[in-house]
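Down below is the structure, laid out as structure tokens.
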Amino acid sequence: MNTTTGARNSEVPHYEFIWTNKIIEHITDNDVTIEEFEDIVRNPEREDSSRSTGLPCSFGYANDGRYLICIYKNIDELHVEPVTAYEV
Numbered sequence: 096m097n098t099t100t101g102a103r104n105s106e107v108p109h110y111e112f113i114w115t116n117k118i119i120e121h122i123t124d125n126d127v128t129i130e131e132f133e134d135i136v137r138n139p140e141r142e143d144s145s146r147s148t149g150l151p152c153s154f155g156y157a158n159d160g161r162y163l164i165c166i167y168k169n170i171d172e173l174h175v176e177p178v179t180a181y182e183v
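Take 96 as the starting number for the sequence shown in the numbering used here and just add one per residue.
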């Protein structure tokens, strides 16, 4: 299991992403990198809830211009578990 740290916003100044090998493989199969996922969740263009799961999601642009959705679970105030990400 890999854990990376980032700053979300003024309300949650610190949190950690909880990465498993399975989810890393899943998002990279969708041509999304760990860095892209974390950047979009940290600094989203838009936030919403997934229509299919109700989980929180963030939308944003990757450096190459693709518009991505990143879906995740809030484990607690400090921990985020990535679920999936893909181009929309």
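Even glycine gets a Cβ: it sits at the ideal position worked out from N, Cα and C. None of these values were measured; they are calculated from a predicted model.
Residue i versus residue j - alpha carbon distance
i           : j           : result
residue 162 : residue 178 : 17 Å
residue 170 : residue 157 : 25 Å
residue 172 : residue 159 : 31 Å
residue 144 : residue 181 : 15 Å
residue 150 : residue 131 : 19 Å
residue 129 : residue 147 : 23 Å
Sub-8 Å separation of residue i and residue j beta-carbons
i           : j           : result
residue 127 : residue 175 : no
residue 154 : residue 140 : yes
Closest residue to residue i among the options (Cα-Cα distance)
i           : options          : result
residue 164 : 138, 117 and 173 : 138
Chain B within 8 Å of residue i, Cβ atoms only
i           : result
residue 181 : Reference to chain B is not applicable here, since this structure consists of a single protein chain.
What alpha helix (DSSP H) runs, 4 residues minimum, are completely inside the stretch 125-175? 129-137
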